[in-house]
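Residue numbers for the sequence shown, in the numbering used here: 3 to 311.
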Amino acid sequence: LSDNESDLSKIISKVSPSVVGIIGNIAQEGKDISTYGDSLIFGSGVIYKANGYIITNAHVVKNMENIAVVLYNGRSYKAVLKAIDEKFDLALLKIYKGGLTPATFGTMKDVIVGDPVIAMGTPLSFSLRNSATKGIISGINRSVQGDYRFIQSDAAINGGNSGGPLVNKDGKVIGINSVKYTGYGIEGLSFSIPVDTVMYVLDHFERFGKVRTPYIGAEFVEGIAAKYGLPTNEGLTITKITKGSPAERAGLKVDDIAVTVNGIKITTIVDYNEEMKKYLPGSKITIGVDRDGKIVKLGVTCGEKQDKK
3 LSDNESDLSK IISKVSPSVV GIIGNIAQEG KDISTYGDSL IFGSGVIYKA
53 NGYIITNAHV VKNMENIAVV LYNGRSYKAV LKAIDEKFDL ALLKIYKGGL
103 TPATFGTMKD VIVGDPVIAM GTPLSFSLRN SATKGIISGI NRSVQGDYRF
153 IQSDAAINGG NSGGPLVNKD GKVIGINSVK YTGYGIEGLS FSIPVDTVMY
203 VLDHFERFGK VRTPYIGAEF VEGIAAKYGL PTNEGLTITK ITKGSPAERA
253 GLKVDDIAVT VNGIKITTIV DYNEEMKKYL PGSKITIGVD RDGKIVKLGV
303 TCGEKQDKK
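And the structure:
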């Protein structure tokens, strides 16, 4: 992707058949959704499989009923919500239509700061579906209003773009557009869920129907440097151990400072959560803690975090 308009057009033409609009009625009062008129909400999605599976944001569809997916050719189909995870802000829809054009998904190895990107979707109004904006990758491994990493770019993402793809110069999806700083007076900061996280969630959706999150029953707090995004070697201080939890059974204690998970250094909540994505409930992990100046390694058998009702 360059400033050459023909190159830009080729990428957009390649990806557009894989980008969909999503529209439905408001089921209940929600937030972080774009409204169209008085009773409709809308967003964007990406065709994941040719047999009708579509990935979008959880916040796009969680307050939506009578969901319809509008394809690139303008035809619309009733959609069924197959799986949703609000923590990762991802959801999987299904329409009963074959022969779709699935997007090509890249990996985070394809993501480099400074590389050009295109954000596609339905900004501001459903009449603007299949819109595209270009920008560059400003940062990776960003933590934004949550506990996981995001891709930061300056490609304009507005209401309705949520669930649409962020694509690279090869037309590969490298992220799902989800979060933008609004209300902070900061322009040019847009955020997308990294493709590796998207594929992790999709894998769980397909295997289990939900994301199975490992649970140990310990609460952590970051050091001051980590809270402000400064380099640090300080680990995570344990502030609470749930009675009867895997953490308690393993011998973890309040005021222990967790420094590693299976030998991987952790200095932020994001570090911990990203490392725990590698494991399933029932997995055995080793947590290294600094206890009164001495490193102690404790084996923990993960439980399963239950959905909040």
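Built from N, CA and C at the ideal position, the CB exists for glycine as well.
What's the call for residue i, buried or exposed, on a 16-neighbour Cβ count within 10 Å?
i, result
"LEU232", "exposed"
"LYS280", "exposed"
"SER41", "exposed"
"TYR150", "buried"
"ASN75", "exposed"
"ALA52", "exposed"
"LYS174", "buried"
"SER133", "buried"
"ASN2", "Absent from the structure is residue 2, since the part of the chain shown begins at 3 and ends at 311."
"TYR124", "A small fix is needed here, since residue 124 is Thr in this sequence, not Tyr. It is buried - the Cβ of THR124 has at least 16 other Cβ atoms within 10 Å."
"LYS33", "Residue confidence is low: LYS33 scores 46 on pLDDT, short of 50, so the model does not pin down where it sits. Its coordinate-derived value is still stated next. When all chains shown are included, LYS33 counts as exposed."
"TYR230", "exposed"
"ASN179", "buried"
"GLN308", "exposed"
"THR215", "buried"
"ILE114", "exposed"
"ASN163", "buried"
"GLY101", "exposed"
"ILE43", "buried"
"GLY185", "Only weak support exists for where GLY185 lies, its pLDDT of 39 falling under 50; the value from the coordinates is given anyway. So GLY185 counts as exposed."
"ILE49", "buried"
"GLY246", "exposed"
"ASP258", "buried"
Give the DSSP bridge partners of residue i, in chain order.
i, result
"ALA220", "ILE243"
"ASP87", "LEU92"
"MET122", "ALA134"
"THR288", "GLY301"
"ASN179", "SER194"
"GLY141", "GLN154"
"VAL82", "LYS96"
"ILE56", "ILE49 and LEU95"
"LYS267", "THR262"
Tell me the residue span of the alpha helix (DSSP H) that contains residue i.
i, result
"ARG209", "197-210"
"ASP273", "271-278"
"ARG251", "248-252"
"ALA227", "226-229"
"VAL63", "60-63"
Could you give the residue range of the beta strand (DSSP E) that holds residue i?
i, result
"ALA157", "From DSSP, ALA157 is part of no beta strand (DSSP E); its letter is neither H nor E."
"MET110", "From DSSP, MET110 is part of no beta strand (DSSP E); its letter is neither H nor E."
"ALA70", "66-72"
"VAL213", "Element bounds for VAL213: n/a, residue is neither H nor E."
"ALA260", "259-263"
"THR234", "Per DSSP, THR234 belongs to no beta strand (DSSP E) and is neither H nor E."
"VAL22", "21-28"
"SER46", "42-51"
"LEU168", "167-169"
"LYS296", "296-303"
"ARG77", "Premise fails: ARG77 is in no beta strand (DSSP E) and is neither H nor E."
With a cut-off of 9 Å, does the C-beta of residue i fall near any C-beta of chain B?
i, result
"SER194", "Absent here is chain B; the protein component of the structure consists of one chain."
Quick one: measure Cβ to Cβ for residue i and residue j, integer angstroms, because I've assumed they're closer than 8 Å.
i, j, result
"GLU221", "THR270", "No, GLU221 and THR270 are not in contact; Cβ-Cβ is about 15 Å, not under 8 Å."
"ILE97", "ALA81", "5 Å"
"VAL272", "SER194", "Rounded, the Cβ-Cβ distance is 16 Å, inconsistent with contact."
"LYS99", "GLY45", "With 8 Å as the limit, LYS99 and GLY45 do not qualify as a contact, their Cβ atoms being about 19 Å apart."
Going by the CB atoms, is the gap between residue j and residue i shorter than 9 Å?
i, j, result
"VAL169", "ILE139", "no"
"VAL17", "PRO167", "yes"
"VAL256", "ILE240", "yes"
"GLY165", "ASN59", "yes"
"GLY211", "ALA260", "no"
"GLY23", "VAL71", "yes"
"ILE313", "ILE69", "Here the chain has residues from 3 to 311 only, and residue 313 is not among them."
"GLY305", "GLY177", "no"
"PRO104", "SER15", "no"
"VAL298", "GLU277", "no"
"VAL197", "LEU92", "no"
"LEU204", "LEU94", "yes"
"LYS84", "ASP117", "no"
"ALA121", "THR135", "yes"
"ASP292", "GLY237", "yes"
"ILE312", "GLY161", "Look at the range of the chain in this structure, 3 to 311, and you will see that residue 312 is not part of it."
"GLU88", "ILE28", "no"
Is residue i near the ligand NAP, going by C-beta to nearest heavy atom under 8 Å?
i, result
"GLY162", "Among the ligands in the structure shown, none appear at all, so the ligand NAP cannot be discussed."
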